[in-house]
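Protein chains: 2
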Amino acid sequence: MVTLAGGVGAAKLLAGLVVAHPPGDQLAVVNTADDTVLHGLHVSPDLDTVVYTLAGAVNPDTGWGLTGETWQAMDALERYGGITWFRLGDRDLATHLYRTHRLGQGAELATITAEIAAAWGLELAVLPVTNDRIETRVTTVDEGEIGFQDYFVRRRHDVAVTDIRVDGSDRARPAPGVTEALASAASIIIAPSNPIVSIGPVLEVPGIRDAVAARRDAVVAVSPIVDGAALKGPADRLMRELGHECSVVGVARLYRDVAATLVIDEADAHLADQVEAAGLTCIVAPTVMDGVESATALARVVLSCAPDKSGAH
Amino acid sequence: MVTLAGGVGAAKLLAGLVVAHPPGDQLAVVNTADDTVLHGLHVSPDLDTVVYTLAGAVNPDTGWGLTGETWQAMDALERYGGITWFRLGDRDLATHLYRTHRLGQGAELATITAEIAAAWGLELAVLPVTNDRIETRVTTVDEGEIGFQDYFVRRRHDVAVTDIRVDGSDRARPAPGVTEALASAASIIIAPSNPIVSIGPVLEVPGIRDAVAARRDAVVAVSPIVDGAALKGPADRLMRELGHECSVVGVARLYRDVAATLVIDEADAHLADQVEAAGLTCIVAPTVMDGVESATALARVVLSCAPDKSGAH
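Chains Z and D supply the protein sequences, listed in that same order.
Per the working numbering, the first sequence starts with residue 1, numbered consecutively.
Per the working numbering, the second sequence starts with residue 1, numbered consecutively.
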């Protein structure tokens, strides 16, 4: 089983999927177009959110970062007027120190990610979608093109956007094993992550969209839009600004070529017909995850939609 | 007034010099051959020791690092099996994050050092001896050539050494202003730092040794060797292994071309004649600094040896 994942929303669903299905039979393929270099350190926000969440170590208040974190380094950085709008906790810093050190040694991001996941005791496999550098760039009305974290964290995604592009995606190659896993997985899940800036860059890595589309019947997507709004982040606003209908119907249209099934929330039950009209099987279920129990319940719904329910991968 | 400085010993004397002489009239030219890149971060141990000490923020137990430091990042790094033998405290990390960020922006180390010193409120100017990368390499009997921190911290300088060289010193240029300051300073002080691996690399940057030698009459050195031993670090063992007499006489011979005066400790008073025979004026005084009071007393002795006692720079 393969799950295409962004950050917080994907991590929540994965926390349910590893309860509902053997984690050793699962691979999370994670977006890296949010990655950024800060203070010389390579930061991979989505990979870390997935790993920390599955390790039970994520900060439950934010959905990212570590629980019980301290902030001595960031507080001290203020003395120098350094970059503190992207808050890196002291223990979280260790992950970036390790990743940067290993990259400097010439190790691939996929190898390093496996090391980090193993250090946290994860049984599920976690892979970056690519070992190559891809980078979401956001064209804003006020400031022109800026980096993703500049948009997402510093501007708190509170600015008007006219375009999104993924720099480097034309020459990126899928991380070793990703295409093969997509071809052989019994089911593929598209997590309730931002379709534009989380799942979008994953699909844009050459070969990935085709590999997923080739398995369309085995693909179940979960809508990140509930009742016309994103539960978290700027998916709703971005969809609207980039010309998509901001609803489960808009999500269905974005995924129609790669997914046969869309799971939508009960709040959107009245739109099920329109989702089906867009060409997807529509499943209505509670999709808001406020803990492992609701995540596991949603995971069971998702798994019940998958074509192979035998338990084989 | 210019002080050539290494780390802990130099920082202690400087803490006295800024009491005994107007700090605004002082420049510390600091060794950077100990600098290292760890986890992708540029670490400048001697610069930081000087700045933290003069800011009154140094850990009094170690003479380096920050007082009241926490170690969350290093503890967390152990999970990954990362490099933890070089302990970077959480607040200390901020300095390396800032330095690395600014270097990445293209700023010179001298500029960044001035920013860091200003952020700590220092009135004395602090400069790296060079903006270029110089790197002390240590040839050991057991492992061949290794990096300085590998020798100094990881091996706790407890290995036999047959050679020391400063990589990059042939093409390094003095940081802007250093040569000019040496030419115009009323006095030049060589701090009680390791003559081989702290003051040595400073003098090896092309132009520095000549600039100091040209002012020999104005140069006062303080011996880091007291009663045949280094107060801290491997100066004694290194001097012996590299063929120098491990005494104030050995120090005098190392500095005879660049310094006219050597301040030695009372414990070595019986060697004063031999220091004079080596061609230096010998001053006997208490040189062991266990706080600002003794450092200030030593600073006043040093200043009294300087040719210009008028208080002009």
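No residue lacks a Cβ here, since even glycine has one placed at the ideal position from N, Cα and C.
Compare the C-beta of residue i against all C-beta atoms of chain D and say whether one is closer than 8 Å.
i, result
"glycine 82 of chain Z", "yes"
"leucine 238 of chain Z", "no"
"lysine 309 of chain Z", "Its pLDDT being 47, under 50, lysine 309 of chain Z is placed unreliably by the model, and the measurement read from it follows with that caveat. For lysine 309 of chain Z, the answer is no, since every Cβ of chain D falls outside 8 Å of its Cβ."
"leucine 77 of chain Z", "yes"
"alanine 119 of chain Z", "yes"
"glutamate 115 of chain Z", "yes"
"alanine 73 of chain Z", "yes"
"threonine 70 of chain Z", "yes"
"alanine 312 of chain Z", "Confidence at alanine 312 of chain Z is low in this model, with a pLDDT of 43, below 50, so the placement of that residue is unreliable and no value is reported for it."
Here's the rule I'm using: 16 or more other beta-carbon atoms within 10 Å means buried, otherwise exposed. How should residue i be labelled?
i, result
"glutamine 72 of chain D", "buried"
"arginine 91 of chain Z", "buried"
"serine 304 of chain D", "exposed"
"glutamine 149 of chain Z", "buried"
"histidine 270 of chain D", "exposed"
"glycine 233 of chain D", "buried"
"glutamate 135 of chain Z", "buried"
"aspartate 257 of chain D", "exposed"
"valine 141 of chain D", "exposed"
"proline 192 of chain Z", "buried"
"alanine 277 of chain Z", "exposed"
"aspartate 163 of chain Z", "exposed"
"alanine 230 of chain Z", "buried"
"threonine 62 of chain D", "exposed"
"glycine 65 of chain Z", "buried"
"glycine 144 of chain Z", "exposed"
"glycine 82 of chain D", "buried"
"alanine 272 of chain D", "buried"
"glycine 106 of chain Z", "exposed"
"aspartate 34 of chain D", "buried"
"leucine 254 of chain D", "buried"
Determine, for residue i, whether the minimum Cβ-Cβ distance to residues of chain Z falls below 8 Å.
i, result
"leucine 109 of chain D", "no"
"valine 258 of chain D", "no"
"alanine 55 of chain D", "no"
"glutamine 26 of chain D", "no"
"proline 128 of chain D", "no"
"leucine 4 of chain D", "no"
Per the DSSP calculation, residue i is bridged to which residue(s)?
i, result
"isoleucine 190 of chain Z", "Z:Leu4, Z:Ala221"
"alanine 28 of chain D", "D:Thr3, D:Val126"
"threonine 36 of chain Z", "Z:Val43"
"aspartate 167 of chain D", "D:Glu135"
"cysteine 282 of chain Z", "Z:Leu262"
"proline 176 of chain Z", "DSSP, once it has assigned bridges, lists no residue as partnering proline 176 of chain Z."
"isoleucine 146 of chain Z", "Z:Val138"
"valine 348 of chain D", "With chain D covering 1 to 313 only, the question about residue 348 of chain D has no answer from this structure."
At a cut-off of 7 Å, would you count residue i as near the ligand GTP, judging by its Cβ distance to the nearest heavy atom?
i, result
"valine 2 of chain Z", "Among the components modelled here there is no ligand, and therefore nothing to report on the ligand GTP."
Requested in this report: Using a Cβ-Cβ cut-off of less than 8 Å, give me the residues of the region 136-163 of chain Z that come near chain D, in sequence order.
Outcome: Of all residues in the region 136-163 of chain Z, none has a Cβ within less than 8 Å of some Cβ in chain D.
Requested in this report: Could you say if the region 122-138 of chain D and the region 23-38 of chain D meet the contact criterion of at least three C-beta pairs nearer than 8 Å?
Outcome: The region 122-138 of chain D vs the region 23-38 of chain D: in contact.
Query - Within 7 Å of chain D by C-beta, residues of the region 79-105 of chain Z in sequence order - result: When C-beta distances to chain D are compared with 7 Å, the residues of the region 79-105 of chain Z below that value are Arg79, Tyr80, Gly82, Ile83, Asp90, Arg91, Leu93, Ala94, Leu97, Tyr98, Thr100, His101, Gly104, in chain order.
Requested in this report: Mind checking the region 29-53 of chain Z against chain D and listing, in chain order, the residues whose C-beta falls within less than 7 Å of any C-beta there?
Outcome: Cβ contacts with chain D come from His39, Gly40, Leu41.
Query raised in the report: Are there three or more Cβ pairs, one per stretch, closer than 8 Å when the region 166-182 of chain Z is compared with the region 202-213 of chain Z?
Result: Yes: the two stretches touch, three or more of their Cβ pairs being nearer than 8 Å.
Query raised in the report: Do three or more CB pairs link the region 141-155 of chain D to the region 182-196 of chain D at distances below 8 Å?
Result: The region 141-155 of chain D vs the region 182-196 of chain D: no contact.
Report task. Could you tell me whether the region 77-89 of chain D touches the region 7-26 of chain D, using the rule of 3 or more Cβ pairs below 8 Å? Result -> At 8 Å Cβ cutoff, the stretches do not touch.
Requested in this report: Count the CB pairs spanning the region 33-51 of chain D and the region 57-66 of chain Z that are closer than 8 Å, and state whether there are at least three.
Outcome: Judged by Cβ distances under 8 Å, the region 33-51 of chain D makes no contact with the region 57-66 of chain Z, as fewer than three pairs qualify.
Query raised in the report: Is the region 6-17 of chain D close to the region 291-302 of chain Z, with three or more CB pairs under 8 Å?
Result: Taking one beta carbon from each stretch, the region 6-17 of chain D and the region 291-302 of chain Z have fewer than 3 pairs nearer than 8 Å; the two do not touch.
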